[in-house]
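Numbering (my numbering), first residue to last: -6 to 662. Backbone N, C-alpha and C fix where the C-beta goes; we use that ideal spot for every residue, glycine too. Accompanying notes for the structure given below.
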């Protein structure tokens, strides 16, 4: 059970006091609980063996003197060095509810994304951060001495005409790095096409723009999907302005003959696929051709099987112990819909297969959803406004009926005749959704979410075993999800960015997260690391996050963006240093995006790591992999895009290696 604490005060709240009795929730804990009271005098009362369903009265007279332990606090893993960049994300106010009054939350405050990449070719990771409308794409050059300097001038000084969404960086054909930034059209209108801008950081210019029709852009993700040595680009459709929650369309582009060209065949597969919030390419079946994995709002985690570059959706069986009705082979991934925000993969249990981690809105909101009683949203053109009208609904267990979540006045904004049909609030309060929709039922559509929990899906090759992340991961909405060995103990860990403030007026902001590090044990189980131990304490609306060993000390560092607030940069100062690995791929994919690798320690293998060209939430981790070395590694195994496998001996006492497609070690840059 997590530590719980309360303070007894007299007044001090806004025009109110509070009961002097403190209530605690023991959950399923039946024993071994301790109650501690620290009095204003500094004395302490300690009661062991506390039980649930009891009232305890503690007398100060029996309290004992208490001297706090002089034992020093352990050094946190991360130190906050945000002052090195002094970056603040710009977010301009936009009233989403004017266009669609029934929205559950705003969609104009979803950014930014962030990426680590070597944009100047000096071998050190630089930092790229997206902007809101009117702000500027920020690129910070790594000075190779632990500091950063902003790149300015040219197109980088021009205000962004729209909110920027997903950020990825690619290199190819012997050219310097290029930055791709999604450009959302949500605040304008669906008639104004969204697009992707390509920046050249060195010449400080915008080279090309890709149009993405009416769907406002969310995530971007790169890979070599067909093993031809060239990169391909997924562009995710996040939402259609004024048409939420109508399904958006996504696209795939191929990089051919020096230009991005629409892949019409695969794009047809992604037509109206859903509200895509997160995307990652990952080789789930180990054939060298990465699957496309999408995190969809009001939808499932969708997987598109990759047959040598041809995508087709697959729907694998799913079992979730927390949901007894979801049991393979009867249940599948499509049975578990959510408000999924971000997605990535990692070998969480060390079995050599990539597992899926997906962030969701958590279990600490006014909404409740499970497979038996999902959250529901009805939508349709009930009036003459042109935009979709929305009515949120939920299952009422007492009445055994689906009922509206919001008050009569709000429902009447979608259905103006509600006032005439339900002349009193009492009449409205006892009506179910069929009665409230009335003659509008024929025009009504619905979407459902059967869980709001952030989860992992362990890959069993022919099905997934789903499990909820720890309780601390459910305290707040989660967005970015990053996998890496942040403590250097040899097992994959997870970082979650958290919080969301831009709710409908009736709902307070979701701010119970500070950014959460989850420590893995190598079996697929995780434990939350307290902020005072991790050193990560971010109190704003966290969005994109990305990991990299930017100072090349063998420890995995982290950057966490905030919507309309300062970007937080954390240097890892405590982890056991690992082995830095660079791949030297073909001219069209020199960083080896899409490749998988793992270290061997004699006959024992470490977890598989994969180079992603965009993952989590609108962001990209470094393409330089940092692999943990709990013991001396003997060789490195690499599966390249297209399926070629190489094995390379590792020299003693090295801190960094570079491996080419023939499995040969080459000099580091």
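Item checked: Inter-residue spacing [alpha-carbon to alpha-carbon] between residue 481 and residue 452 -> Approximately 24 Å between the Cα atoms of the pair.
Check: Identify the residues that DSSP records as bridge partners of residue 316: which are they?
Finding: The partner list for residue 316 (beta bridge, DSSP) is empty, contrary to what the question assumes.
Next item on the list: Entirely within the stretch 613 to 651 and at least 3 residues each: give me those beta strand (DSSP E) ranges in chain order.
Entry: Every unbroken stretch of the beta strand (DSSP E) spanning 3 or more residues and falling wholly within the stretch 613 to 651 is given here in chain order: 618 to 620, 628 to 632, 638 to 642.
Notebook entry, point to check: Can you list, in chain order, the stretches of the beta strand (DSSP E) that have 3 or more residues and sit fully within the stretch 381 to 455?
Noted result: If we require 3 residues or more, the beta strand (DSSP E) runs fully inside the stretch 381 to 455 come out as 382 to 389, 394 to 397, 438 to 442, 448 to 452.
Note to self: Using C-beta distances below 8 Å, list every residue in its chain close to residue 394, excluding the 5 sequence neighbours before and after it, in chain order.
What the structure shows: So the qualifying residues of the chain are 388, 425, 426.
Item checked: Nonlocal neighbours in the same chain, by C-beta distance under 8 Å from residue 252, ignoring five residues either side -> Only 201 meet the Cβ criterion.
Next item on the list: With DSSP collapsed to three states, give me the class of residue 260.
Entry: Here residue 260 sits in helix by DSSP.
Item checked: Check whether residue 101 and residue 87 have beta carbons under 7 Å apart -> Closer than 7 Å, so yes.
Note to self: Less than 7 Å between CB atoms is the rule here; does residue 656 satisfy it with respect to chain C?
What the structure shows: Looking for chain C here will not work: only one protein chain is present.
Checklist line | Among 406, 384, 362, 178, nearest to residue 377 - alpha-carbon criterion | finding: Of the residues 406, 384, 362, 178, the one whose Cα lies closest to the Cα of residue 377 is 406.
Notebook entry, point to check: Exposed or buried, which one is residue 588 when buried takes at least 16 other CB atoms within 10 Å?
Noted result: Per the 10 Å Cβ criterion, buried.
Checklist line | Contacts around residue 308, its chain only, beta-carbon distance under 7 Å, and the 5 residues preceding and following it disregarded | finding: Residues 325, 326, 327 of the same chain have their beta carbon placed closer than 7 Å to that of residue 308, with the five preceding and five following residues left out of the count.
Note to self: To the nearest angstrom, how far is the alpha carbon of residue 174 from that of residue 215?
What the structure shows: Taking the straight line from one Cα to the other gives about 12 Å.
Margin query: If I measure Cβ to Cβ from residue 300 and keep anything under 8 Å in the same chain, skipping five residues before and after, which residues do I get?
Written below: 282.
Notebook entry, point to check: When burial is assigned at 16 or more other CB atoms within 10 Å of the CB, is residue 372 buried or exposed?
Noted result: Label assigned to residue 372: buried.
Notebook entry, point to check: Can we say the stretch 113 to 126 touches the stretch 536 to 546, given the rule of at least three CB pairs closer than 8 Å?
Noted result: In short, these stretches touch, since the Cβ pair count reaches three.
Item checked: Rounded Cβ spacing between residue 98 and residue 613 (contact assumed at less than 8 Å) -> About 26 Å; that fails the 8 Å criterion.
Check: Looking at residue 475 and residue 71, is the spacing between their C-beta atoms short of 7 Å?
Finding: Not a contact, by the Cβ cut-off of 7 Å.
Next item on the list: Using a threshold of 7 Å, state whether the C-beta atoms of residue 167 and residue 634 are closer than that.
Entry: Taking C-beta atoms as the reference points, residue 167 and residue 634 fail to come closer than 7 Å.
Item checked: Helix, strand or coil at residue 211 [DSSP, three-state] -> In this structure, residue 211 counts as strand in the three-state DSSP scheme.
Margin query: Quick check: the Cα distance between residue 177 and residue 390, rounded to an integer number of angstroms?
Written below: Inter-residue distance for residue 177 and residue 390 is about 40 Å (C-alpha atoms, whole angstroms).
Margin query: Ignoring anything shorter than 4 residues, give me the alpha helix (DSSP H) runs that lie fully in the stretch 509 to 592, in order along the chain.
Written below: As far as the stretch 509 to 592 is concerned, its whole alpha helix (DSSP H) runs of at least 4 residues are 524 to 527.
Notebook entry, point to check: Any chance the CB of residue 597 is under 6 Å from a heavy atom of the ligand MG?
Noted result: No copy of the ligand MG appears in this structure; indeed no ligand is present at all.
Check: How should residue 402 be labelled, buried or exposed, when 16 other C-beta atoms within 10 angstroms of its C-beta is the threshold for buried?
Finding: Exposed, since its Cβ has fewer than 16 Cβ neighbours within 10 Å.
Item checked: Which listed residue (366, 507, 379, 416) has its alpha carbon closest to that of residue 440 -> Here the closest residue by C-alpha is 366.
Item checked: Residues near residue 85 in its chain [Cβ-Cβ closer than 8 Å; skip 5 each side] -> The residues are 125, 126, 127.
Next item on the list: Could you tell me the distance, in whole angstroms, from the CA atom of residue 103 to the CA atom of residue 158?
Entry: Approximately 8 Å between the Cα atoms of the pair.
Next item on the list: Please say whether residue 269 and residue 289 have beta carbons closer to each other than 7 Å?
Entry: Between residue 289 and residue 269, the C-beta gap is smaller than 7 Å, which places the two residues in contact.
Note to self: Once the 5 residues before and after residue 486 are set aside, which same chain residues still bring their CB inside 7 Å of it?
What the structure shows: Residues 477, 478, 479, 480, 510, 511, 512, 513 of the same chain have their beta carbon placed closer than 7 Å to that of residue 486, with the five preceding and five following residues left out of the count.
Notebook entry, point to check: What three-state label does DSSP hand residue 342 in the structure shown?
Noted result: Here residue 342 sits in coil by DSSP.
Next item on the list: Mind checking who residue 122 pairs with in its DSSP beta bridge?
Entry: For residue 122, which the question treats as bridged, DSSP gives the partners 107, 131.
Notebook entry, point to check: Given a threshold of 16 other Cβ atoms within 10 Å of its Cβ, counted over all protein chains shown, does residue 292 qualify as buried or as exposed?
Noted result: It is buried - the Cβ of residue 292 has at least 16 other Cβ atoms within 10 Å.
Item checked: Rounded C-alpha distance that separates residue 296 from residue 34 -> Inter-residue distance for residue 296 and residue 34 is about 60 Å (C-alpha atoms, whole angstroms).
Next item on the list: Report yes if the C-beta distance between residue 609 and residue 469 is below 7 Å; otherwise report no.
Entry: In this structure, residue 469 does not lie closer than 7 Å to residue 609 by Cβ.
Checklist line | Spatial neighbours of residue -1 in its chain, beta-carbon cut-off 6 Å, leaving aside the 5 residues before and after | finding: Correct list, in chain order: 15.
Item checked: Length-filtered (3 minimum) beta strand (DSSP E) runs lying within the stretch 448 to 501 -> Counting only runs of 3+ residues, the beta strand (DSSP E) found wholly inside the stretch 448 to 501 occupies 448 to 452, 457 to 461, 471 to 477, 486 to 491, in chain order.
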